[in-house]
């Protein structure tokens with residue numbers, strides 16, 4: 001997932017309800033699908049951030065020394081400036097990039 005190429009809004013915006021439920025004809029199903037995708041995106045971002053921050057980790061037993069690592073600060077600032085996972089998921093939903101299927105009852 002390339003987070004730099006997403007065109008999701010950084011700020012909170014209001015979505016058109018009719019635009020959000022066109023695929024399912026049910027706003028609650030749409031919101032549920034978007035929420036599940038937002039959870040997936042959040043876990044991907046979290047895993048990626050932890051992997052990048054592990055590179056800068058120093059394992060010292062003393063708390064007296066605090067190291068300021070500029071690369072670590074830049075990585076953290078990059079992830080803070082990203083759009084929130086729910087905004088990315090909502091943008092993917094509007095652009096029909098989310099695949100979903102319904103369980104069929106037998």
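Numbering (the numbering used here), first residue to last: 1 to 106.
We put the CB at the ideal spot given by N, CA and C, even for glycine.
The structure displayed is predicted, hence computed values, not measured ones.
Alpha carbon to alpha carbon, what distance is there between residue j and residue i?
{"i": "residue 102", "j": "residue 32", "result": "12 Å"}
{"i": "residue 100", "j": "residue 91", "result": "15 Å"}
{"i": "residue 6", "j": "residue 104", "result": "33 Å"}
{"i": "residue 87", "j": "residue 17", "result": "15 Å"}
{"i": "residue 97", "j": "residue 47", "result": "22 Å"}
Using 10 angstroms around the beta-carbon of residue i, count the other beta-carbons present and answer buried if the total reaches 16, otherwise exposed.
{"i": "residue 37", "result": "buried"}
{"i": "residue 57", "result": "exposed"}
{"i": "residue 43", "result": "exposed"}
Just reading off the alpha helix (DSSP H) that residue i is part of, what are its end residues?
{"i": "residue 2", "result": "No alpha helix (DSSP H) holds residue 2; DSSP gives it neither H nor E."}
{"i": "residue 103", "result": "Neither: residue 103 is in no alpha helix (DSSP H) and is coded neither H nor E."}
{"i": "residue 51", "result": "27 to 54"}
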